[in-house]
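Notes follow once the structure below has been shown.
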Amino acid sequence: MPSIISDYNYWIYILLMMIGLYAMLAKNNLVKKVIGMSIFQTAIIIFYVSISAKEHATIPIIAHHGAAEAAIDVAHYANPLPHVLMLTAIVVSVGTLGVALALCLGIYRRYNSLEEDEIQEQLQ
Amino acid sequence: MIWQLDLSILTLIVICAFATIMVKDLLSAAIIFGAYSFLMCLLWTEMGAVDVAFTEASVGAGVSTVLFIAAVYQTTRKVGVRKSGRLLSKAVALVATLLTGLVLLIAEADFPDFANPFTPASLHLSPYYIMQTLHDTNVPNIVTSVLADYRGFDTMFETAVIFTAGLAVIAILRRFKKEDRCDLPEPYVISEAHPDTIIRFIARQLVPFIQLFALYVVAHGHHSPGGGFQGGVIFGASFILLAISYDFKMVLGIMSERWNILLGNIGVLIYAGIGFLCLLLGANFLDYSVLSKVLPATDKIMARSHGMLGIEIGVAIAVLAIVISIYFNIVSRGKYDKGL
Amino acid sequence: MDIVVIMLTVIGLFSFFATTVGLLRFPDFYSRMHAAGKGDTLASLLMLLALALYNFHEVNLANLLVAIKILSIVVFIFMASPTATHAITDAAFESGVKPWTKEPEEES
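Protein chains in written order, with this note's numbering: chain H, 54 to 177; chain P, 57 to 396; chain D, 7 to 114.
Laid out in structure tokens, this is it:
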């Protein structure tokens, strides 16, 4: 695989992270900020998963079909360690999403608006 | 690892990410975010990360979209325009983003080659896991064995984090008094939802099979992609389907709030309880091989496999209860009287 | 067997293409939902059937099991996708989305 393809992959992951970061900083609406946080989290997850990918490798489930102690070729299976870390990351991210949306609901209940500048005006 | 497929899916993902933050309607943003999650799941399957893709499909594309729509339903759908200081805030955010992106791009020059089997991440510890998991634990799914056995501590605290998130949502939103001083305005729904025969019938027919599939995913996690989290989320999603197609009160009759919180506690208790049982039997915390003294007719290797199944069941029960609890709290804004 | 698989895949691909063109070109919400609901279900059925048949390079129990699992996915899609289309269209009708009518020709 030519190296420009490998670089291009990483550039797109960085672009996705920056889209998420921009949405968290610049957007006015609170739910848009939460969406930006989710985009950032999934961009980091895809970066980790891309580390674990191997060329001509299959999924990390050992196909043993009854052969007891056949030699297991390490380069034949994708690296399972980042998958484990990212499983935890996805589940934690949905918990964070639930709490973030509950906070948005609480803020709307108190200030009757989801826009950042209106809330800051009411705070002063 | 087909790089042409990689690049085309990545282009679609970037377009979806742009679209979901630019759109002026929050409901459309939630739906496009669901499409973005599905495309991510497709990309991860193509890279060989099937367990991660399964979790993202059930959690990210399923439950996350429903939670977004429930939150938008309770607040407001339109996105307002910033009144003053629009250009300044956008300029500052753009500068900060460009600087961070530049630093990351400079670091990117040193990254290892994409899809190379000999990157440093694949050379030190993961060959041990790949080669030894069948010999140590008799479980072919390497991700499940690393998650539940070799790195069991992480998973226990991850379950605790999910439980804490459920508690936090209850603490923020739950209101017990019928009339409240600071209460949300009524949702903007245009007409009353009338009972629809087709949707109710299909939902009633499908829910048992969805729950059976969820139990299958939990039990078959040793040999195929799956495990505790995915099964628990699918089971919780079946209750959310019932709540959307029927009335909210009807699902509260099936799974009351008290049972919900109790199930969440029982899940975490099963996990930590198995760990303590191993401690009581004389080995380390969460060292399942000593369970062969308690379980009949198993040796040390099969005891590890059964211990993993036990904690996966605990995780599934905890996740199921918490997903239902978070959905209930958000969609009924804490009052548990009426909802979607 | 390979010919059948390729034919089914190509017809499924054509169905997906027709669905997308209909989604973009129809003038009205209801006709678009019509295209999306029918085309999606049919195309998914054809492509999943092709995958289930592709499995049968050698006929043994494991491959039969995989084919049965794929067919149960097809049954699920057949039940769930038209219901979803019905739900969306019903919600639109209750919200007052009016069907598109052709403008009457003006007398010149």
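Backbone N, C-alpha and C define an ideal beta-carbon position, used for all residues, glycine too.
Closer than 8 Å to chain P by CB, HIS40(D)
no
Taking TYR184(P) as the reference, which of CYS157(H), VAL144(H) and ALA128(H) has the closest Cα?
ALA128(H)
Look up THR156(P) in the DSSP assignment and say whether it is helix, strand or coil.
helix
For the alpha helix (DSSP H) holding ASN321(P), just list the boundary residues, first then last.
313–336
Rounded straight-line distance, which links the Cα of VAL103(D) to that of ILE87(P)
20 Å
Kindly provide the ranges of any alpha helix (DSSP H) runs that are 4 or more residues long and lie completely inside the stretch 99–152 of chain H, ordered along the chain.
none
Burial state of GLY73(H), where buried means 16 or more other Cβ atoms lie within 10 Å
buried
Spell out whether any CB of chain P is found under 8 Å from the CB atom of MET71(H).
yes
Just to confirm my understanding: we take PRO33(D), look at its own chain, exclude 5 residues before and 5 after, and list those with CB closer than 8 Å. What are they?
TRP106
Suppose you measure from the CA of GLY157(P) to the CA of ILE88(H); what does that come to, to the nearest Å?
19 Å
Per DSSP, what are the beta-bridge partners of ASP81(P) in this structure?
LYS134(P)
Considering Cα atoms alone, identify which of VAL217(P), LEU83(P), SER84(P) and ALA73(P) is closest to MET77(H).
ALA73(P)
Quick one: what does DSSP say ASN165(H) is sitting in, helix, strand or coil?
coil
Taking all protein chains shown into account, decide if ARG163(H) is buried (16 or more other Cβ within 10 angstroms of its Cβ) or exposed.
exposed
Through-space distance from ASP166(P) to THR175(P), alpha-carbon basis:
12 Å
Which of helix, strand or coil DSSP assigns to ASN385(P)
helix
Which residue or residues does DSSP assign as beta-bridge partners of ASN82(H)?
GLU168(H)
Under a Cβ-count criterion, where at least 16 other Cβ atoms within 10 Å of its own Cβ denotes burial, should GLU112(P) be classed as buried or exposed?
buried
Given this structure, state the Cα-to-Cα distance separating PRO168(P) from LEU160(P), to the nearest angstrom.
14 Å
Kindly indicate if chain D contains any beta-carbon less than 8 Å away from that of ILE326(P).
no
From GLY323(P), LEU342(P) and VAL324(P), pick the residue whose C-alpha is nearest to that of PHE332(P); which is it?
LEU342(P)
Measuring only the C-alpha atoms, how far is SER247(P) from VAL27(D)?
With a pLDDT of only 48 at SER247(P), under 50, the local geometry of the prediction cannot be trusted, and no value is derived from it.
If the cut is a Cβ gap below 8 Å, which residues of chain H does ALA177(P) touch?
ILE104, SER105, ASN132, LEU134 and PRO135
Answer yes or no: do TYR66(H) and PHE100(H) have a C-beta to C-beta separation smaller than 8 Å?
yes
Less than 8 Å between the beta carbons of ILE65(P) and LEU95(P), yes or no?
yes
So the candidates are TYR63(H), ILE114(H), SER91(H) and LEU140(H); which of them puts its Cα closest to the Cα of ARG207(P)?
LEU140(H)
Residue-level contact to chain H via CB, ALA152(P), 8 Å cutoff
yes
Using Cβ-Cβ distances below 8 Å, what residues of the stretch 65–99 of chain D are close to chain P?
PHE82, MET85, ALA86, THR89, HIS92, ALA93 and ASP96
How about SER105(H) and ALA131(H): do their beta carbons lie closer than 8 Å?
yes
Under three-state DSSP, which class holds ASN197(P)?
strand
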